[in-house]
C-alpha cells in the first residue's frame with residue numbers, strides 16, 4: 025500500500041488466555057479503503073485478533089490505534105466515538121431471534137442517534153434495500169435463510185454508515201452461489217463507499233475474489249508468518265504452510281475455530 029498514514033495500526037499486540045500465549049507482539053497496518061483478509065489455521069488467533077481490533081476485548085499489552093485514537097488507552101468518550109465508526113458482522117450474524125429483521129437493524133441507530141421512530145424505520149428500509157432485503161422488514165430470523173441472515177447482519181453493521189467493517193466468516197456455511205453473492209455485496213460496499221473492510225475467513229473463493237492483501241497467522245509462531253498479495257504468496261511464498269493453505273484443492277474446506 026502507498027498510503028502514508030494507516031487507518032488502523034496494530035503495534036506489538038500481546039494476548040494471553042491465562043498462561044496460554046495466543047498472540048505475541050503482532051504488528052501490522054490497515055489502510056483506508058482496502059479489504060484486508062486475516063487467515064490462518066485452527067487455533068491461530070484469527071477471531072481473537074479481530075475481537076481486539078473491534079474493541080470487544082482488551083489485550084495484555086500493545087496498542088490498537090483506529091483513526092489516530094488508541095482504543096487500548098483512551099477515555100470512554102473517545103472509545104465510544106471511535107466505536108461509532110465501526111460496523112461488525114459476527115460469524116453467526118448474531119440476530120436477536122425475538123426481534124424482526126427491521127428491529128435488529130434499528131438497534132444501533134436507536135442506541136446512538138436521537139431520531140423519531142419513523143425516521144429510524146426509513147433508514148432501516150434504506151439499509152435493507154442496500155443488501156437486497158426489501159420487503160423482509162417484518163420477518164423474524166427463523167423465517168429467513170442463512171444467506172439472508174448474513175445480509176440482515178450486514179445491514180445492521182452498515183446502520184451508522186461506518187468507516188470500517190469487521191466481518192467474521194461472512195460466507196461460512198453458505199452454498200457457493202450465495203457465498204459469491206455476499207462477496208459481490210462486500211466488494212460493492214467497498215467500491216462505492218470506500219469502506220475499509222477487515223475479514224476473517226478461510227474461504228479461498230472469497231480470498232482470491234476480493235483480497236489484494238492478506239496477513240496469515242500461525243499457531244506455533246503466535247503471530248504473522250506471511251503478508252501480501254495472496255496470488256503472489258500462493259506461488260512464491262517461502263513458507264510451505266502458506267503455499268499449502270492457498271493451494272488447497274477444495275476452497276470450501278473447513279478450518280473451524282480461532
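Residue numbers (our numbering): 25 to 282. Glycine included, each C-beta is placed from N, C-alpha and C at the ideal position.
Looking only at its own chain, which residues have a Cβ that is under 6 Å from the Cβ of residue i, when we skip the five neighbours before and after it?
i: residue 148; result: 126, 129, 130
i: residue 40; result: 84
i: residue 23; result: One cannot answer for residue 23 here, as it falls past the ends of the chain, which runs 25 to 282.
i: residue 247; result: 48, 50
i: residue 89; result: 33
Please classify residue i as buried or exposed, where buried requires at least 16 other C-beta atoms within 10 Å of its C-beta.
i: residue 141; result: exposed
i: residue 180; result: buried
i: residue 82; result: exposed
i: residue 120; result: exposed
i: residue 224; result: buried
i: residue 262; result: exposed
i: residue 101; result: exposed
i: residue 159; result: exposed
i: residue 208; result: exposed
i: residue 26; result: With a pLDDT of 47 at residue 26, under the threshold of 50, the modelled position of this residue cannot be trusted, and the question is left open.
i: residue 192; result: buried
i: residue 124; result: buried
i: residue 143; result: exposed
i: residue 195; result: buried
i: residue 200; result: exposed
First and last residue of the alpha helix (DSSP H) that includes residue i?
i: residue 271; result: Here residue 271 belongs to no alpha helix (DSSP H), and DSSP marks it neither H nor E.
i: residue 125; result: 125 to 136
i: residue 49; result: Looking at the DSSP string, residue 49 is not in any alpha helix (DSSP H); the run it does join, the beta strand (DSSP E), is 44 to 54.
i: residue 81; result: Taken as a continuous stretch (DSSP letters only), residue 81 belongs to no alpha helix (DSSP H), as it is neither H nor E.
i: residue 228; result: 228 to 234
Round the Cβ separation of residue i and residue j to the nearest angstrom and send it over; I've been treating them as touching at under 8 Å.
i: residue 176; j: residue 132; result: Not quite, the Cβ-Cβ distance comes to about 13 Å (not below 8 Å), so this is no contact.
i: residue 222; j: residue 54; result: 6 Å
On the DSSP letters alone, give me the boundaries of the beta strand (DSSP E) that residue i sits inside.
i: residue 41; result: 32 to 41
i: residue 192; result: 188 to 192
i: residue 250; result: 247 to 252
i: residue 242; result: 237 to 242
i: residue 223; result: 220 to 224
i: residue 113; result: 110 to 113
So, for residue i: in the same chain, excluding its five sequence neighbours on each side, which residues have a beta-carbon less than 7 Å away from its beta-carbon?
i: residue 197; result: 170
i: residue 136; result: 108, 184
i: residue 10; result: Absent from the model: residue 10. The displayed extent of the chain is 25 to 282, so no value can be given.
i: residue 341; result: No answer is possible for residue 341: the residues shown for the chain start at 25 and end at 282.
Going along the chain, which residues of its own chain have a beta-carbon closer than 8 Å to the beta-carbon of residue i, five neighbours each way excluded?
i: residue 245; result: 48
i: residue 70; result: 62, 63, 64, 224, 241, 282
i: residue 36; result: 49, 50, 51, 85, 86, 87
Any 3 or more C-beta pairs closer than 8 Å across the region 102 to 115 and the region 144 to 160: no
Indicate whether the contact test is met: 3 or more Cβ pairs, each with one atom in the region 163 to 172 and one in the region 87 to 102, closer than 8 Å. no
Three or more beta-carbon pairs under 8 Å between the region 52 to 60 and the region 229 to 243, yes or no? yes
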